[in-house]
Amino acid sequence: MAITEKQLEELLAQYPSKVQKTRRKHILIKDSTTETPQVIEANTRTVPGVITNRGCAYAGCKGVVVGPLKDMVHITHGPVGCAYYTWGTRRNKAKTDGDPTKNFINYCFTTDMQESDIVFGGEKKLAKVIDDVMEIFQPNAISISATCPVGLIGDDIGAVAKRAEEKYGIQVLSFNCEGYKGVSQSAGHHIANNGLMEHVIGKGELEEAPAKYAINVLGEYNIGGDGWEVERILEEIGYHIVTVMTGDGTYEELKNAHVADLNLVQCHRSINYIAEMLEIKYGTPWMKVNFIGVNSTVETLRNMAAYFGDEALIEKTEEVIARELARVEAKMDQYKKICEGKTAFCFVGGSRGHHYQGLFRELGIETVLAGYEFAHRDDYEGRQVIPDIKLDADTKNIPDLHVEKDPERFRLKLTPELYEELKKKIPLSHYAGMNVEMKDGSIVVDDLNHYETEEFIKILKPDIISSGIKDKYVIQKMGIPSKQLHSYDYSGPYAGFNGALKFAEDITMSFSTPTWNFITPPWKDEPLLVGTVADAEGVA
Amino acid sequence: MGLESTNYRNVNENPCSMCMPMGAILPFKGIEQAMVVLHGSQGCSTYMRRHIAEHFNEPVDVGSSSLNEKGTVYGGEKNLKQALDNIIKVYHPKMIGVLTTCLAETIGEDVRRITADYAAERGIADLPIVSVPTPGYGGNHPEGYFLALRNIVEALAEKTEPHGKVNLIIPNISPADIRELKRILQLMEIESILLPDISDTLDRPYEKPYTKIAKGGTKIADIKAMGGAVATIQMGMTVADESSPGKYLADAYGVPLYHLPIPIGIESTDLFIQTLSEITGKPCPECLTAERGRLLDTMIDSHKYNFQGRSVIFGEPELVYAVAKTCCENGIFPVVIATGSKNDKIKQLLKPLLERSPEKVEVLDEADFNQIRACSRKSGANIAIGHSDGRYLTEQEGIPLVRLGFPIHDRVGGQRLLSVGYTGTAMFLDRLTNTLLENKYQTYRNVMKKKYFRGSHKRIAGER
């Protein structure tokens, strides 16, 4: 069921007129027949007072990108809340391999600033906290993430970090990711990317990759073990994973990210900055990958093999694909029988809003509405629009990090001719965005809020909605199953072949739970009393 | 015997509390048709909604003024007013709470002035907008909770003709607990004003059609009338005077104030029923006396198991105090009592209680889980009671956790946990006893084997 312009107008009419105009630009009805490609507004300021699902720069920096590095201690410099709210909430799993005392993933560290720290400054306390951490934990490195008050009171966390580095001889990274920066967590991703690129990547001593087919996996946060399933497949084929950014990743491995032959980009939004900078500095091309769904995984594996162009690798890739398909396809078909013909909304953070549409499609479910919380136009329309994106003040406040060719370590991994040739076949250093894959008539919404969620549900009546925990209960209260795609309702992994099966099982469960049969009580189905109504005189 | 222990470390490792605005959201969620806006970065509201929603399994709509870098320089007045406009247009609330955050307070926003100007500009004198100063560094979530209540009462209560109702100031307890309190009041035929009342709003039944704001909550007219009540019972023994709503009603309107612990445990429930009787002259009905008898029966039946329990109790001061009392009543003597908040009152309250306890007790305030864990290990505790972050005590120290309070994120049903009144206490006690028993059943054979098994004495036939 599609939506009409008129319905959209009525939906927005509930807003004050200025908000109507603003929000209209963030919504489009997909139409591939327009003369010029459709444009959506994204990565602009959130309308105050609409119940947005977006978070802040700190969430993007510490919560998403930096936090999963397991051999570091991550200190949140601020009052207790912000640290608490990022404690284990993203389900970025990390296993302990090697030294069991160097996995801090279950810990939460904060300077717990009090009023007096705001008045007199928190630098001293921060320095003491670092002393405590060094005495007790001896991590491989430390990160400091700033919360709102830190920048406002002028604490120089960079200076504290520098002094600590001199004192202890380990790296202490500082991130000025105060919550008010930028318009969403996207600003925090950028800040984290810059910090890791400038201070960590390339600090390792390796000059050459220790094995053939060396790759980095970027933008994989190992939610519910996604990264482990991806690693299982890639390692079997013969790839050598130098580092994963950053799910189950380590600072120690990250330092050597420069030696890889190829960078895979799973979540484009949160990590494309590093991908681009790695290409400029070390000559390593990046490729957009998608490990969500059987077909996408297969396509990604073939693209990777094509990049390396090695016959043995291609053969092994096909062998693994054939075996995995034989294993999962029949089971997927079983689930498809129950899912076929249903419709979905798919609204997640930065890339999953796109990735899961393919998996839904494999199950016979059509995505009728999709969007991202904090993406930019290129995530919707494709990277070719980047030169046309107007940079507003909020984005400009997060400076781009300028990198140059590393005189010693820059290596062309492909000849320019081969690069151009491959670019025609595989998504090399390119992301085509989400919109292109969506059907005409479907809806794309940027920064969907609670009100719009409810209204779109009323109009489109989807069978399932994949979103986050904040809107999960709105959706379920409206009688529609919700599949939480931020932390998977404590399920997963959903990536790769095993993940697709797990997802199919979970989705099917939502459709087939008997609970839905009991919504109407039996006495509402049919009248309890059967009889005729007496007239005024009491004669029937 | 209580021992106070100080945390000498600077680092807060695994916090035992959340920030002030988080606590302040909850009371507004228990007022009829109320909405809340956080004035600050939008991350605050997103994080807090996430944590509240995961505990209650309910929609939690909280607005944000979405301040950004420009707002930090030029002030956030425009953003806040726009947020209020949009909330009013889309949600049609009958009341709005405006909470500040680290950002708003650090840049010195005068929210009271902004909201007053706003009300005047828009001509909405009949829509109460209550602002609460809640910077994250100003205290923890329990302090935010009561400060919000105090501000709500200060803003709304009016001089009212005496009306014979009893005010009940409700701390952060579960919707099921509040429903139980209402049932007790109904059985005693006592008219009351409960503030706040999340019993329906944060545990709403599945029903169609979905409404943006849940039904239920304390009526605004009732809050206005609190000044005319015959008395206030405040379940807030640990609350500072300046954030005590009951104290304000006493000072401003002469409403007599009774400070009572949360009625968990037989003594605290007795005190609750007795106080209600004294205030209203209504007797304890027979059915409640029977419930008391059943609780006593439970306590007697379980006392041998309970006496083997040594407890770690942590969380919000008010709940911690009530649970400590309950544990002492039943011989599950506390060995560690901890709260993440800075709170002197709880230490004073615990003193007479713990003087009668045979166990040494570490009493910690401003505690983090590192400290709680270290003390728990040292003291040989075998049961922990508190919110779900205590799960690490189980994972790392093998101490089983009975989940109680807020937040409970790793189990469902936090909103349905019933622990108050005679019946609720019996249910809570069963949860404690069964946890001790489960542990006992799991380890009994091993313990016995270690103690008594002296090797095999089997003889092989023919051997001498």
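Protein chains in written order, with this note's numbering: chain A, 1 to 540; chain B, 1001 to 1464.
We put the beta carbon where it would ideally sit given N, CA and C, even for glycine.
Quick caveat: nothing in here was measured; it's all calculated off a predicted structure.
Closer than 8 angstroms to chain A by CB, N1014 of chain B
Taking Cβ atoms only, chain A reaches closer than 8 angstroms to N1014 of chain B, which makes this a yes.
Assess, as a yes-or-no matter, whether the segment 1141-1150 of chain B is touched by the segment 1066-1084 of chain B under the definition of 3 or more beta carbon pairs within less than 8 angstroms.
no
Status (buried if at least 16 other CB within 10 Å, exposed otherwise) for P1358 of chain B:
Exposure of P1358 of chain B is indicated by the presence of fewer than 16 other C-beta atoms within 10 angstroms of its C-beta.
Quick one: what's got a C-beta closer than 7 angstroms to P1027 of chain B's C-beta in the same chain, skipping five residues either side?
Only Y1145, A1148, L1149, I1152 and P1196 meet the Cβ criterion.
Find out if the Cβ-Cβ distance for the pair D446 of chain A, H26 of chain A is shorter than 8 angstroms.
yes
M478 of chain A at chain B interface by Cβ criterion, 8 angstroms:
For M478 of chain A, the answer is yes, since a Cβ of chain B falls inside 8 angstroms of its Cβ.
Compare the C-beta of I144 of chain A with all C-beta atoms of chain B and state if any pair is closer than 8 angstroms.
no
Start and end of the beta strand (DSSP E) containing T297 of chain A?
No beta strand (DSSP E) holds T297 of chain A; the alpha helix (DSSP H) holding it covers V294 to F308.
Hey, out of B:T1280, B:I1262, B:I1213 and B:T1238, whose CA is closest to V1230 of chain B's CA?
B:T1280
What residue from A:K336, A:K458, A:I118 and A:K95 has the CA that sits closest to S512 of chain A's CA?
A:K336
Straight-line CA distance for G1133 of chain B to G1097 of chain B?
This sequence places Pro at residue 1133 of chain B; Gly is not what is there. Roughly 11 angstroms separates the two Cα atoms.
Just to check my reading of the structure: G382 of chain A and A432 of chain A have Cβ atoms closer than 8 angstroms, yes? What is that Cβ distance to the nearest angstrom?
5 angstroms
Cut-off 8 angstroms between Cβ atoms - residues of its own chain near D1270 of chain B, not counting five sequence neighbours on either side:
R1292
Taking the alpha-carbon of G1063 of chain B as reference, which of B:T1046, B:G1076 and B:S1017 has the nearest alpha-carbon?
B:T1046
Based on the DSSP secondary-structure assignment, which residues constitute the bridge partners of D155 of chain A?
BP columns for D155 of chain A are empty, so no partner.
In angstroms with no decimal places, state the Cα-to-Cα distance between C544 of chain A and R1009 of chain B.
This structure does not reach residue 544 of chain A, given that chain A is present from 1 up to 540, and the question cannot be answered.
8 angstroms CB neighbourhood of I215 of chain A in its chain, flanking five on each side removed:
Apart from sequence neighbours up to five positions away, the residues of its chain that approach I215 of chain A with a beta-carbon distance below 8 angstroms are L234, Y239, H240, I241, V242, A260, D261, L262, N263, L264 and M304, ordered along the chain.
Buried or exposed for R1204 of chain B, going by 16 or more other Cβ atoms inside 10 Å?
R1204 of chain B comes out buried.
Three-state secondary structure (DSSP) at Q1415 of chain B?
Under the three-state reduction of DSSP, Q1415 of chain B is assigned to helix.
In the structure shown, what three-state DSSP assignment does F1333 of chain B receive?
coil
Using 8 angstroms as the Cβ pair cut-off and three pairs as the minimum, do the segment 1038-1056 of chain B and the segment 177-190 of chain A touch?
Contact between the segment 1038-1056 of chain B and the segment 177-190 of chain A is present: 3 or more CB-CB pairs across the two stretches fall below 8 angstroms.
Determine which residues of the segment 1122-1145 of chain B have a Cβ less than 7 angstroms from any Cβ of chain A, and write them out in chain order.
Here the close residues are G1136, Y1137, G1138 and N1140.
State yes or no: is the beta carbon of T101 of chain A nearer than 8 angstroms to at least one beta carbon in chain B?
no
Alpha helix (DSSP H) containing L1156 of chain B: first to last residue?
H1141 to L1156
Chain B within 8 angstroms of Y221 of chain A, Cβ atoms only
no
Could you list which residues in chain B have their beta carbon closer than 9 angstroms to that of E454 of chain A, in chain order?
Those within 9 angstroms of E454 of chain A in chain B are Y1210 and K1212.
Does V47 of chain A have its Cβ less than 8 angstroms from a Cβ in chain B?
yes
V543 of chain A lies in the alpha helix (DSSP H); which residues open and close that run?
This structure does not reach residue 543 of chain A, given that chain A is present from 1 up to 540, and the question cannot be answered.
Which residues share a DSSP beta bridge with R1403 of chain B?
Bridge partners of R1403 of chain B: B:G1386.
How long is the line joining the alpha carbons of S1268 of chain B and L1288 of chain B, rounded to whole angstroms?
14 angstroms
Could you pull the start and end residues of the beta strand (DSSP E) that S467 of chain A belongs to?
I464 to S467
Quick check on Q384 of chain A: buried or exposed, where buried means 16 or more other Cβ atoms within 10 Å of its Cβ?
exposed
Cα-Cα separation between D155 of chain A and G121 of chain A, rounded to whole angstroms
6 angstroms
Contact with chain B by R54 of chain A, beta-carbon distance below 8 angstroms:
yes
Contact set between G1315 of chain B and chain A, taken where Cβ atoms lie within less than 9 angstroms:
Per Cβ cutoff of 9 angstroms: no residues; G1315 of chain B is ~13 angstroms from chain A at best.
Nearest-angstrom Cα separation, counted from L501 of chain A out to G1216 of chain B:
42 angstroms
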